[in-house]
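Residue numbers (our numbering): 102 to 618.
Single-structure report; data block below.
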């Protein structure tokens with residue numbers, strides 16, 4: 102009996118010894134799953150930085166820096182800093198702190214743009230940013246104006262003088278994080294030597310005046326870069342800056358269809374930066390144009406958020422270190438702001454869309470997953486129509502922002518419908534339809550889309566009607582819209598989609614009970 106008791110006690114003891122290990126393993130497994138789920142949810146990086154532009158320069162600033170009021174008002178800028186912080190912005194980049202020989206800070210080199218009895222806009226922004234633990238990149242421009250010529254010795258000298266003055270004033274300020282060097286030269290086909298030397302001269306001065314502060318440049322021209330040219334990487338390797346925030350040029354419409362090539366471009370740049378001691382940031386352009394493209398007589402207005410989300414996906418998938426943007430205020434505006442900059446209505450619309458994406462609403466989670474090719478059908482389905490091209494609507498291969506992509510199924514003007522057979526009685530809960538919006542090619546949205554359901558394929562019941570998304574800033578861009586049919590919750594076998602096409606409609610996928618992989 103004692104022997105048996107000892108055996109039982111020994112067994113219990115061993116279980117107790119092993120149990121904590123089992124529990125720890127289980128906890129670690131749960132923690133690992135949670136960590137993985139959290140990581141996957143954040144695969145697409147939010148935008149955490151933006152530029153601050155203080156000067157009205159030309160019609161491009163019609164909405165962002167209107168001429169109708171005092172752009173140096175410190176309360177305006179304090180409000181905008183608070184709003185940007187609430188949107189998740191951590192980094193603020195001054196585009197300029199002077200223009201046309203006058204300063205936006207208490208300069209001894211230049212006269213001032215602002216009322217001497219008020220706080221300068223630069224100091225108002227710095228102080229408010231410090232309250233919200235935001236980080237400021239101070240500009241060294243403009244020595245003259247937005248067209249500063251880096252080959253002009255007087256321009257280069259004035260930039261260095263401004264840097265000395267700004268360092269003396271603000272180097273110990275809590276919000277002062279680094280320097281933005283307005284060396285926005287072109288990477289076409291490579292970064293030219295004078296731009297490299299200009300950036301390095303400013304960097305050396307910055308490091309001497311403000312040790313430990315970061316230096317940032319944001320060149321353009323990645324759409325014209327020669328990545329296979331051995332000199333391309335050599336020129337970047339010469340740079341002594343800490344961060345390159347490449348302009349993605351989607352807003353500037355460098356190509357007819359920017360996004361498909363941009364995805365490959367980010368991958369090429371990531372490969373190069375893996376060999377450089379320079380951080381790689383994406384400068385995702387949020388804007389489109391009210392009239393002509395890249396025209397100083399055309400105002401900057403907000404692009405549709407699905408276009409910007411695709412830009413975020415492209416940059417994130419390639420592994421950029423951070424995403425910042427030219428620009429947020431005056432393009433993406435809180436509808437509750439007391440200072441309503443930006444294009445009326447539509448800058449508020451993009452704000453709501455972006456914040457909904459940040460809040461992980463189902464609509465934007467599904468749209469994001471489709472961009473990342475992580476969205477699949479959650480129910481077996483086949484097209485009833487015998488047309489081979491319609492079967493592509495269920496193949497899971499999503500098309501890109503290019504009307505020439507063969508994966509788009511094109512419907513000409515007129516009435517259309519297609520029927521999907523779910524193969525068996527299925528609980529239909531939701532469905533997603535993806536469409537291309539590209540006004541330049543006469544491709545757009547139907548006004549409404551109708552979803553019908555049936556058990557026998559003969560009698561159909563109207564289950565849902567959805568308005569197609571509408572965004573009027575469509576003079577230049579191609580982007581992908583999604584229509585979500587949700588809260589259906591009914592047993593069906595057949596689903597019919599119907600719509601009246603006012604112009605050509607392009608659809609690339611119909612997801613039934615969509616699942617995010």
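Backbone N, C-alpha and C fix where the C-beta goes; we use that ideal spot for every residue, glycine too.
Predicted, not measured: the structure shown is a model, and the values here were computed from it.
Per-residue DSSP class, three states only, for residue 362: helix
Selection from 183, 301, 457 and 222 that minimises the alpha carbon distance to residue 344: 301
Cα-Cα separation between residue 194 and residue 276, rounded to whole angstroms: 11 Å
Opposing strand residues paired with residue 536 [DSSP bridges]: 582 and 608
Enclosing beta strand (DSSP E) for residue 381 [first to last residue]: 380–384
Ranges of the beta strand (DSSP E) found wholly within the stretch 278–357, counting only runs of at least 3: Under the rule that a run must span 3 or more residues, the beta strand (DSSP E) segments found entirely inside the stretch 278–357 read 315–318 and 344–348.
Residue 530 and residue 483 closer than 8 Å at C-beta: no
Buried or exposed (CB count within 10 angstroms, at least 16 for buried), residue 516: exposed
For residue 401, the first and last residue of its enclosing alpha helix (DSSP H): Not the alpha helix (DSSP H): residue 401 falls in the beta strand (DSSP E), residues 401–403.
Nonlocal neighbours in the same chain, by C-beta distance under 8 Å from residue 183, ignoring five residues either side: Around residue 183: 229 and 233.
When 152, 580 and 597 are compared against residue 319, the one with the closest alpha-carbon: Per the Cα distances, 152.
Span of the alpha helix (DSSP H), counted from its first residue to its last, around residue 232: 222–232
Helix, strand or coil at residue 598 [DSSP, three-state]: strand
Minimum length 3: unbroken beta strand (DSSP E) runs contained in the stretch 422–473: 423–426
Residues bridged to residue 555 (per DSSP): 595
Enclosing alpha helix (DSSP H) for residue 412 [first to last residue]: Segment 406–419, the alpha helix (DSSP H) holding residue 412.
Between the CA atoms of residue 499 and residue 471 - distance to the nearest angstrom: 7 Å
Nearest to residue 430 (by Cα), restricted to the options 447, 423 and 214: That would be 447, whose Cα lies nearest to the Cα of residue 430.
C-alpha distance - residue 315 paired with residue 342, whole-angstrom precision: The C-alpha of residue 315 lies about 8 Å from the C-alpha of residue 342.
Selected residue, minimal CA-CA separation from residue 481, among 616, 284 and 203: 616
Limits of the beta strand (DSSP E) - the one that residue 564 falls within: 562–568
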